[in-house]
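S.K.: Before I ask anything, here is the structure I am working with.
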Amino acid sequence: MLALARQFIDIALLRAKPQDLPADTGVLVLAVCFALFTFLVASLPEAEPGMALQRALLDLVVTGLFIYGGLLYQRRVSRFTQAFSALAGAGAVINLAAAVVTAGLRPGEQASTLVMVLSLLLLAWSLALCAHVFRHTFTVSAPAGALIALVYVIIALQISHLLYPSGAA
Numbered sequence: 073m074l075a076l077a078r079q080f081i082d083i084a085l086l087r088a089k090p091q092d093l094p095a096d097t098g099v100l101v102l103a104v105c106f107a108l109f110t111f112l113v114a115s116l117p118e119a120e121p122g123m124a125l126q127r128a129l130l131d132l133v134v135t136g137l138f139i140y141g142g143l144l145y146q147r148r149v150s151r152f153t154q155a156f157s158a159l160a161g162a163g164a165v166i167n168l169a170a171a172v173v174t175a176g177l178r179p180g181e182q183a184s185t186l187v188m189v190l191s192l193l194l195l196a197w198s199l200a201l202c203a204h205v206f207r208h209t210f211t212v213s214a215p216a217g218a219l220i221a222l223v224y225v226i227i228a229l230q231i232s233h234l235l236y237p238s239g240a241a
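Structure representation (structure tokens):
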């Protein structure tokens with residue numbers, strides 16, 4: 073378990089690739105559960121638990137469908153387990169960092185400038201992580217991975233805005 077956590081941290085720090093993870097359904101389930109839990113913890117200062125759970129599930133579903141769709145298009149679906157595990161597990165590492173950043177906030181409280189800057193840095197880190205995972209998953213160049221990550225974020229935000237018109241972030 074500790075070795076798996078280290079792998080997720082290394083992927084989050086862009087030092088390891090999705091292919092470094094075992095292609096194992098158990099790892100995928102652990103990564104998704106870890107991502108779900110950490111998303112909830114990071115979201116609680118801003119959202120009610122029920123809404124946080126809905127958004128966490130939506131995020132995971134959109135992410136999984138995006139990866140699966142891209143791999144289906146490339147006829148490389150066998151990479152799905154590692155890719156989704158990598159993004160969910162490493163995303164959970166970023167969620168933990170976000171939980172630390174927002175730990176002192178109370179529901180409805182205005183975030184300080186420092187919290188807003190740190191949140192922006194976490195967003196940039198998350199985008200870099202997506203680009204890194206997509207680059208290796210889809211076997212494309214770094215700029216193409218970044219472009220795929222931007223498309224993914226735009227699609228995810230549009231779906232979120234469609235389902236949650238008031239405050240979709």
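So in the numbering used here, the last one in the sequence shown is 241, and the numbering has no gaps at all.
Here a beta-carbon is modelled for each residue, glycine too, at the ideal position from N, C-alpha and C.
(1) According to DSSP, is residue 131 helix, strand or coil?
(2) Let me check understanding here. Comparing Cα to Cα, which of 165, 227, 209 and 213 lies closest to residue 113?
(3) With a 10 Å radius around its C-beta and 16 neighbouring C-beta atoms as the bar for buried, classify residue 204 as buried or exposed.
(4) Can you give me the start and stop residues for the alpha helix (DSSP H) that residue 211 sits inside?
(5) Are the beta-carbon atoms belonging to residue 173 and residue 194 less than 9 Å from one another?
(6) In chain order, which beta strand (DSSP E) runs of at least 3 residues are fully inside the segment 131-167?
(7) What is the residue span of the alpha helix (DSSP H) that residue 78 lies within?
(8) To which residues of the same chain is residue 110 closer than 6 Å at the C-beta, ignoring the five residues directly before and after it?
(9) Using the C-alpha atoms, what's the distance from residue 107 back to residue 127?
(10) Can you tell me whether residue 84 is buried or exposed? The criterion is at least 16 other CB atoms within 10 Å of its CB, across all chains shown.
(11) Would you mind stating whether residue 103 and residue 141 have Cβ atoms separated by less than 9 Å?
(12) Is the CB-CB distance between residue 80 and residue 158 below 9 Å?
M.R.: In this structure, then:
(1) Helix at residue 131.
(2) Among 165, 227, 209 and 213, the Cα nearest to that of residue 113 is on 165.
(3) Looking at its Cβ environment, which holds 16 or more other Cβ atoms inside 10 Å, residue 204 is buried.
(4) In this chain, residue 211 is not harboured by any alpha helix (DSSP H), its DSSP state being neither H nor E.
(5) It is a contact, given that the beta carbons lie within the stated cut-off.
(6) Taking only runs of at least 3 residues, no beta strand (DSSP E) segment lies wholly in the segment 131-167.
(7) For residue 78, the enclosing alpha helix (DSSP H) covers residues 74-84.
(8) Cβ within range, chain order: 164, 167 and 168.
(9) Residue 107 has its alpha-carbon roughly 12 Å from the corresponding atom of residue 127.
(10) By the Cβ neighbour-count rule, residue 84 is buried, with 16 or more other Cβ atoms within 10 Å of its own.
(11) With contacts defined by Cβ atoms closer than 9 Å, residue 103 and residue 141 do not form a contacting pair.
(12) Yes. Within cutoff.
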